[in-house]
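S.K.: In this note's numbering, the protein residues as written are 370 to 925. Ideal Cβ positions, reconstructed from N, Cα and C, are used throughout, including at glycine. In this text, all values refer to a predicted model and were calculated from it rather than measured experimentally.
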């Protein structure tokens with residue numbers, strides 16, 4: 370509005386509005402100051418129960434609003450100003466928490482635990498460290514222990530207590546005795562909070578990725594300071610997670626359990642814990658959850674057993690042991706369960722690899738590869754796991770052959786559009802080829818039977834395609850460098866097997882060299898002599914110089 374056109378009435382109206390606003394602000398500040406004093410009084414000793422409970426609730430609401438999400442606080446609740454809350458957090462709240470840890474304030478146990486849960490969830494690390502002392506952590510664990518036997522009646526209090534420990538455990542140096550008591554407290558309770566606690570214990574306390582106090586602001590892992598205790602706790606966690614995998618029907622909870630198992634399986638003794646606890650079969654069951662669902666749908670539709678797809682889906686959920694969830698959750702569960710198998714294959718020693726092979730893990734991986742509903746990351750990880758299982762000796766390679774994996778791997782390399790999946794399928798084929806004996810090399814070359822017939826040379830063409838594929842990829846990609854090394858090792862072993870074929874059958878020349886040259890493999894190998902990574906270029910030139918008469922690298 371143009372001030373030049375204001376009338377006397379306009380000025381009067383504006384003055385009245387400003388006066389009303391001033392009065393409102395004055396009352397608001399008075400109410401705010403009064404609220405702060407009321408909360409201070411409510412947190413002091415000797416006040417009645419309702420006054421103290423109201424003061425504690427106000428502090429919890431204020432933490433929610435200023436540090437967390439305003440969607441979680443009680444809308445009709447009172448809220449302190451942030452600067453007043455800061456004062457309270459540094460003094461009054463610390464005092465009431467300390468008295469609670471000493472065994473006082475028992476009449477307000479529920480209210481204080483709720484307040485501590487809010488603080489642990491939203492307050493910054495430096496503020497939490499002032500509040501959550503070792504004495505207070507011990508008090509919270511005692512509450513969880515006391516409420517655990519009557520879980521159904523005390524579910525809120527028990528869940529809040531476990532959640533507090535879950536939230537603060539990465540930032541406090543917890544005594545080993547507390548960790549043992551926590552594991553005992555959650556045993557027998559299949560609950561999301563318990564599984565999350567196990568996950569945090571594994572990745573933040575037992576085996577943290579960052580070991581340095583300077584880098585992480587926390588302490589070194591228990592595995593470094595007390596390996597025996599870490600293994601003992603891990604055994605208890607594996608047993609608990611195994612019971613979760615058997616009884617839970619929540620894909621998100623099951624995924625979290627699998628992620629915790631992946632961290633444990635980074636160590637050889639962790640693989641033994643999984644094998645000895647019987648957890649492996651449960652993990653396999655979850656890895657196949659999508660593939661089994663797809664197969665069940667197909668069989669029901671073909672047989673005409675059910676009138677609708679919903680009816681078939683209901684039956685399938687009963688068969689595979691999961692409640693109705695989104696397909697995305699099931700895919701994520703399948704991938705996380707597969708990641709356990711993949712980590713085991715990567716970490717395992719020879720004895721453990723044989724145990725996995727005896728449990729028909731290659732057959733499981735082939736099912737995942739052949740399932741049209743498998744996601745690209747599931748297929749890529751399946752290929753990688755097959756390669757890690759078969760890269761030890763020819764005994765392991767035979768298990769891969771017996772599972773009919775090579776046809777699936779070669780089909781994946783030729784037809785899949787995902788770059789990472791193609792890299793991993795090529796890795797699996799060549800990792801097995803690098804350890805195969807003469808008979809197995811013959812099978813890999815033929816790709817059509819379990820005999821040592823030469824066949825159609827499909828694998829030699831595949832090796833050429835891999836070399837060409839590597840040529841076109843970014844040489845700075847670590848996966849490409851790793852794949853290149855494995856391809857050259859596989860090619861070298863195949864050509865070496867051809868030397869034995871010459872001696873055995875009195876042949877005029879190495880049959881595999883001829884097959885490789887017939888598909889221009891020597892030309893592609895010669896181009897690899899210019900690969901930027903020195904060791905790869907040297908290896909390629911060595912193979913070319915040893916097995917081919919005239920490597921014409923100057924003519925490329």
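Evaluate residue 520 with the Cβ neighbour count: other Cβ atoms within 10 Å of its Cβ, from every protein chain shown; 16 or more gives buried, anything less gives exposed.
M.R.: Exposed, since its Cβ has fewer than 16 Cβ neighbours within 10 Å.
S.K.: By how many angstroms is the C-alpha of residue 433 removed from the C-alpha of residue 382?
M.R.: Roughly 40 Å separates the two Cα atoms.
S.K.: Sorted by chain position, which residues of the same chain lie with C-beta nearer than 7 Å to residue 513's C-beta, five sequence neighbours on each side aside?
M.R.: If we look at residue 513 and ignore the five residues flanking it on each side, its Cβ neighbours are 527, 530, 531 and 554.
S.K.: Measuring only the C-alpha atoms, how far is residue 724 from residue 612?
M.R.: If I take the Cα positions, the gap works out to 21 Å.
S.K.: Excluding the 5 residues preceding and the 5 following residue 480 in the sequence, name in chain order all residues of the same chain whose CB lies nearer than 6 Å to its CB.
M.R.: Taken in chain order, the residues that qualify are 422 and 425.
S.K.: Out of 891, 850 and 798, state which residue places its alpha-carbon closest to the alpha-carbon of residue 347.
M.R.: Because the chain is modelled from 370 through 925, residue 347 falls outside the range shown and cannot be assessed.
S.K.: In chain order, which alpha helix (DSSP H) runs of at least 4 residues are fully inside the stretch 447-519?
M.R.: Segments of the alpha helix (DSSP H) lying fully in the stretch 447-519: 451-459, 461-470, 478-491, 494-500 and 503-516.
S.K.: When you compare only the Cα positions, how much space is there between residue 702 and residue 651?
M.R.: Cα to Cα, residue 702 sits roughly 12 Å from residue 651.
S.K.: Helix, strand or coil: how does DSSP classify residue 731 here?
M.R.: Residue 731 falls in the helix class under three-state DSSP.
S.K.: Exposed or buried, residue 847, counting other C-beta atoms within 10 Å across all chains shown (16 or more means buried)?
M.R.: Label assigned to residue 847: exposed.
S.K.: Is it buried or exposed for residue 472, if we count other Cβ within 10 angstroms and need 16 for buried?
M.R.: The residue in question, residue 472, is exposed, as its Cβ has fewer than 16 Cβ neighbours within 10 Å.
S.K.: Locate the alpha helix (DSSP H) running through residue 521, then write down its first and last residues.
M.R.: Neither: residue 521 is in no alpha helix (DSSP H) and is coded neither H nor E.
S.K.: From residue 458 to residue 572, what does the alpha carbon distance come to, in whole angstroms?
M.R.: The straight-line gap from Cα to Cα measures roughly 30 Å.
S.K.: Where are the alpha helix (DSSP H) runs, 4 residues long or more, that stay fully inside the stretch 876-918, in chain order?
M.R.: DSSP runs (the alpha helix (DSSP H)) wholly in the stretch 876-918: 880-887, 890-896 and 903-916.
S.K.: Under a three-way DSSP split, which group does residue 558 fall into?
M.R.: In the structure shown, residue 558 sits in coil (DSSP, three-state: anything other than H, G, I, E or B).
S.K.: Reducing DSSP to helix, strand and coil, say where residue 379 ends up.
M.R.: Residue 379: helix per DSSP, three-state reduction.
S.K.: When the Cα of residue 646 is compared with those of 657, 609, 628 and 662, which residue comes out closest?
M.R.: Measuring from the Cα of residue 646, the nearest candidate turns out to be 609.
S.K.: Measure how close the beta-carbons of residue 649 and residue 658 come, nearest whole angstrom, since I'm counting them as under 8 Å.
M.R.: Between residue 658 and residue 649 the Cβ distance is about 16 Å, and since that is not below 8 Å, they are no contact.
S.K.: Between the C-alpha atoms of residue 387 and residue 452, what's the straight-line distance to the nearest angstrom?
M.R.: Approximately 27 Å between the Cα atoms of the pair.
S.K.: Hey, out of 605, 633, 735 and 631, whose CA is closest to residue 777's CA?
M.R.: If we check each option's Cα against that of residue 777, 735 comes out closest.
S.K.: What is the residue span of the alpha helix (DSSP H) that residue 800 lies within?
M.R.: Where residue 800 is concerned, the enclosing alpha helix (DSSP H) stretches over 788-802.
S.K.: Do residue 758 and residue 737 have their C-beta atoms within less than 8 Å of each other?
M.R.: For residue 758 and residue 737, no; Cβs fall outside 8 Å.
S.K.: Take the Cβ of residue 376 as the centre, count every other Cβ of all protein chains shown within 10 Å, and call the residue buried at 16 or more, exposed below.
M.R.: When all chains shown are included, residue 376 counts as exposed.
S.K.: Work out the CA separation of residue 893 and residue 918 for me, nearest whole Å.
M.R.: Going from the Cα of residue 918 to the Cα of residue 893 covers about 15 Å.
S.K.: Whose C-beta lies closer than 6 Å to the C-beta of residue 794 among residues of the same chain, with five residues either side of it excluded?
M.R.: Once the five neighbours on either side are set aside, the close Cβ partners of residue 794 are 752, 778, 781 and 782.
S.K.: Determine, using beta carbons only, whether residue 804 and residue 853 come nearer to each other than 8 Å.
M.R.: No, the Cβ-Cβ distance between residue 804 and residue 853 is not below 8 Å.
S.K.: In terms of residue numbering, what span does the alpha helix (DSSP H) encompassing residue 776 cover?
M.R.: From DSSP, the alpha helix (DSSP H) with residue 776 extends over 774-784.
S.K.: Write down the C-beta distance between residue 600 and residue 638 rounded to the nearest angstrom, noting that I regard them as a contact closer than 8 Å.
M.R.: Confirmed, Cβ separation roughly 6 Å.
S.K.: How long is the line joining the alpha carbons of residue 908 and residue 733, rounded to whole angstroms?
M.R.: Each residue's alpha carbon lies about 35 Å from the other.
S.K.: Got a sec? Which residues, its chain only, sit under 8 Å from residue 916 by beta carbon, not counting five neighbours each side?
M.R.: Around residue 916: 864, 879 and 882.
S.K.: Short of 6 Å in beta carbon distance, which residues of its chain neighbour residue 797, apart from the five on each side in sequence? Order them along the chain.
M.R.: These residues qualify, in order along the chain: 752, 755, 756 and 778.
S.K.: Around the C-beta of residue 870, are 16 or more other C-beta atoms found within 10 angstroms, so that it is buried, or is it exposed?
M.R.: The residue in question, residue 870, is buried, as its Cβ has 16 or more Cβ neighbours within 10 Å.
S.K.: Could you tell me the distance, in whole angstroms, from the CA atom of residue 841 to the CA atom of residue 604?
M.R.: Roughly 47 Å separates the two Cα atoms.
S.K.: Among 830, 792, 456 and 867, which has the Cα closest to the Cα of residue 810?
M.R.: Per the Cα distances, 867.
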